[in-house]
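A.B. asks: Below is a structure I'd like to ask you about.
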Amino acid sequence: MAQNPIQSTVTTRNQHVVTVSRQRADTWARRVFFVITVLPIGLIAVVLIGLLYRAWPILQQYPLTDLLFGVDWKPSEGRFGFYSFIVGTVWVTVVGVGLAIPPCILVAMYLAEYAGARTRLLAKPILDVLAAIPPVVYGVWGLLVVVPLVETVLGPWAQHLLGFWGLFAVQQPTGFSVLAGGIVLAVMITPLIIAVVFEIFNTVPVDLRNASLAVGATHWETIRRVLLPQVMPGIIAAIVLGASRAFGETIAVLMVVGNIAQVPHSLFDAAYPLPALIANNYGDMMSIPLYDAALLCAALILLVIVLLFNILATVVLKRFVK
Amino acid sequence: MRLQPWNRRHLIERIMQIAMIGSLVIVGLCLGAILWTIIARGLPALTWEMISQAPKGGFYMGKGGGVLNAILGSLYLATGATALAMLVALPIALYLQTYLATSGWAQLVRLALDVLWGIPSIVYGAFGFTLMIVLGARASLLAGIIVLALVELPIMTRAMDEVIRRLPRDLAQAAMALGSTKLEVALRVVIPQTLPGIVTAVLLAFGRGIGDAAAVLFTAGYTDRIPTSLSRPTASLPLAVFFQLGTPYPEVRERGYASALILTIIVLVVSFGSRWLSARLQRYTVK
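Sequence lines, in order, name chains A and B.
Quick note: the first sequence, position 17, residue 16 per numbering that gives the first Met the number 0, numbers continuous.
Quick note: the second sequence, position 26, residue 25 per numbering that gives the first Met the number 0, numbers continuous.
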């Protein structure tokens with residue numbers, strides 16, 4: 000057998016000379032590390048299966064359409080309709096993403112195309128700190144600033160100017176609303192979207208820009224007609240990623256959104272997003288039959304939606320950020 | 000180019016520039032508003048008692064005590080979770096780079112990590128809860144640590160992967176040309192060279208772990224006592240803030256703001272500390 004030339008000798012306390020093969024250490028490490036890399040993929044499968052297993056009782060008992068589209072949520076009577084929660088989550092997410100997208104894309108454009116190195120150096124810590132602030136602190140800010148803002152400024156203003164439009168109808172006196180949740184979410188997903196869009200703009204080759212500028216286009220025209228068409232799939236993927244993050248955000252939203260199980264019809268209505276449902280009712284879970292299966296089913300629905308968004312966005316983005 | 004304001008195209012350019020800079024200012028102002036609100040409302044209620052004592056009876060109704068239980072609980076949770084996550088994240092990141100490079104398996108693992116990164120922490124919490132039911136375990140510090148490690152794992156691995164990928168190849172190739180095995184390259188070249196980045200990744204995950212409420216809600220429970228054992232429930236700062244804000248007593252709510260301020264200070268210290276530490280470690284890398 001061909002002896003491996005990579006060897007070193009180690010002398011143990013008993014004066015035995017032990018040959019340790021560096022090559023064998025490498026092979027052993029390779030095998031162990033490989034097993035460890037199976038973990039991420041395994042984890043996704045285990046989480047899915049685990050939630051499915053515990054949600055099974057309720058999935059067996061009620062047809063899926065009843066669960067997803069039922070409007071009644073009365074666990075003590077055995078009625079579990081997730082529709083108002085799903086719709087509530089969608090509303091808050093759409094408002095959050097809609098508020099965040101225009102400024103974020105503009106900021107990312109600015110940082111990628113216009114800003115000098117100094118501005119970028121200044122912007123990075125700001126974005127990093129925004130991303131690091133815990134969700135519960137965003138919730139406190141929402142309680143202290145955003146909810147009163149909606150209640151005392153935005154609500155009356157909308158009622159005065161846009162009251163004819165149902166979307167802006169103010170039917171409850173507090174500021175705990177879809178709008179408040181959307182505003183808080185918008186600020187929370189801002190660092191994420193800016194970071195992704197910034198990366199995408201950086202992948203476009205410099206020559207393209209230079210060529211466009213050389214024929215006399217202004218910088219904005221270059222962005223609009225040359226760069227944007229190229230990066231548009233990436234920007235859409237960034238939006239989807241932001242939406243997925245907003246969909247799953249629990250604590251910050253539940254502190255400002257009112258937690259009333261209804262289908263919202265206006266920005267100023269309260270809502271009850273799926274994550275808030277799970278978090279709020281965790282204490283009662285074991286006391287009512289099927290309640291725990293229902294809440295875990297809610298978690299499963301949340302997981303499936305977020306997974307779909309994420310896989311879609313990630314696959315698209317892979318083509319950009321090599 | 001010199002913009003001529005009478006030229007329509009140039010006017011649009013100027014307008015867009017203003018819009019962009021305005022957006023940047025708005026983002027900066029938002030951060031300022033958040034920090035200002037927390038400091039302005041939290042600082043008045045922040046007393047030495049808050050940081051140094053556990054809640055006494057009736058704390059949530061206005062009686063004495065502090066949030067030491069939550070501060071220590073969060074620190075224990077985050078430290079344990081970060082250490083556990085590091086055990087898995089570092090090998091994955093090293094393996095992806097040194098052994099796998101751009102193979103199909105590496106892409107699959109990276110996709111899986113990105114997907115895991117996007118899973119909300121409440122889902123991890125719910126999953127942890129199902130595990131606890133199956134195993135018959137009760138809410139405890141250990142359960143909280145494990146679930147929090149699951150939350151931190153994708154963040155840490157992704158950040159480490161980014162750093163290791165950016166490492167220029169020449170040092171590693173020089174080592175291999177001299178006869179190192181890949182393991183030796185990973186341990187003796189890659190890790191020392193990327194140490195600043197690895198430290199940043201670890202502290203980033205730590206900061207995330209301290210602030211996370213949804214994952215520990217189900218799994219670590221809550222208690223008013225200072226955590227002393229892995230198998231008992233433990234308090235955490237985010238939950239402490241949440242519970243204190245939920246009471247009808249204004250002085251308890253004020254203390255909630257102070258707790259939020261404590262949490263924010265910890266996170267900011269970790270964030271800036273990691274920058275500083277990373278800069279200090281740069282001197283040990285080979286340029």
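Heads up, the beta-carbon is just placed ideally off N, CA and C, and yes, glycines get one too.
(1) For my contact list, A/Val96 and A/Ala245 are in at a C-beta cut-off of 8 angstroms; report their separation, rounded to the angstrom.
(2) For A/Val305 and B/Val189, I'd like the C-alpha separation in whole angstroms.
(3) Determine which residues share a DSSP beta bridge with A/Ala270 and list them.
(4) With distances taken between CB atoms, is the gap from B/Pro226 to B/Leu83 smaller than 7 angstroms?
(5) Can you grab the Cα-Cα spacing for the pair B/Val201 / A/Val139, in whole Å?
(6) When DSSP builds the beta bridges, which residues end up paired with A/Arg78?
(7) Any beta carbon from chain B within less than 7 angstroms of A/Leu295's own beta carbon?
(8) Should B/Lys181 and A/Asp25 be called a contact, given that it needs their Cβ atoms to be closer than 7 angstroms?
(9) Indicate whether at least one CB of chain A lies closer than 7 angstroms to the CB of B/Asp113.
(10) In the structure shown, what three-state DSSP assignment does B/Ser120 receive?
(11) Going by Cα to Cα distance, which pick from B/Ala173, B/Glu253, B/Leu130 and B/Val215 is closest to B/Ile121?
(12) Quick one: which chain B residues come within Cβ less than 9 angstroms of A/Phe197?
(13) Report buried or exposed for B/Gln281, applying the criterion of at least 16 other Cβ atoms within 10 angstroms of its Cβ.
(14) A/Ser20 by DSSP, collapsed to three states: which one?
(15) In three-state terms, what does DSSP make of B/Lys55?
(16) The alpha helix (DSSP H) with A/Arg223 in it runs from where to where?
(17) Residue ranges of each alpha helix (DSSP H) run of no fewer than 4 residues wholly in the stretch 150-180 of chain B, ordered along the chain?
(18) How should A/Leu42 be labelled, buried or exposed, when 16 other C-beta atoms within 10 angstroms of its C-beta is the threshold for buried?
(19) Thinking C-beta only, is B/Ala53 closer than 7 angstroms to B/Asn68?
(20) Report all residues from its chain with a CB closer than 8 angstroms to the CB of A/Asp291; omit the five preceding and five following residues, and keep chain order.
(21) Check the Cβ of A/Gln22 against every Cβ in chain B and list those closer than 8 angstroms, keeping chain order.
(22) Would A/Phe84 pass as an interface residue toward chain B - the criterion being a Cβ-Cβ separation below 7 angstroms?
(23) So which residues on chain A does B/Leu30 lean against when the C-beta distance must stay under 7 angstroms?
(24) Buried or exposed: where does A/Trp90 fall if 16 or more other Cβ atoms within 10 Å of its Cβ makes it buried?
(25) Quick one: list the residues of chain A neighbouring B/Ser228, beta-carbon separation under 8 angstroms, in chain order.
(26) For B/Ala80, which residues in the same chain have their Cβ closer than 6 angstroms to its Cβ, ignoring the five residues on either side in sequence?
(27) Starting from the Cα of B/Val285, find the closest Cα among B/Ile118, B/Asp169 and B/Gly21 and give me that residue.
(28) Can you give the Cα-Cα distance for B/Ser51 and B/Glu250, rounded to whole angstroms?
(29) Quick one: which chain B residues come within Cβ less than 8 angstroms of A/Pro102?
(30) Less than 7 angstroms separating the beta-carbons of B/Gly117 and A/Asn258?
(31) Quick one: using the 10 Å Cβ neighbour count with 16 as the cut-off for buried, is B/Ile17 buried or exposed?
(32) Quick one: what's got a C-beta closer than 7 angstroms to B/Val162's C-beta in the same chain, skipping five residues either side?
(33) DSSP three-state call for B/Leu2: helix, strand or coil?
C.D. replies: Taking the structure as given:
(1) 6 angstroms
(2) 34 angstroms
(3) A/Gly257
(4) no
(5) 27 angstroms
(6) A/Lys73
(7) yes
(8) yes
(9) yes
(10) helix
(11) B/Val215
(12) Near A/Phe197 there are no residues of chain B at all, since even the closest Cβ is about 12 angstroms away, more than 9 angstroms.
(13) exposed
(14) strand
(15) coil
(16) Where A/Arg223 is concerned, there is no enclosing alpha helix (DSSP H), given that its DSSP letter is neither H nor E.
(17) 168-176
(18) buried
(19) yes
(20) Arg53, Met284 and Met285
(21) Thr180
(22) no
(23) Ile125, Val128 and Leu129
(24) buried
(25) Those within 8 angstroms of B/Ser228 in chain A number zero; the least Cβ separation is about 23 angstroms.
(26) Ile144, Leu147, Ala148, Glu151 and Gly208
(27) B/Asp169
(28) 18 angstroms
(29) Ser22, Ile25 and Val26
(30) no
(31) exposed
(32) Thr193, Gly196, Ile197 and Ala200
(33) coil
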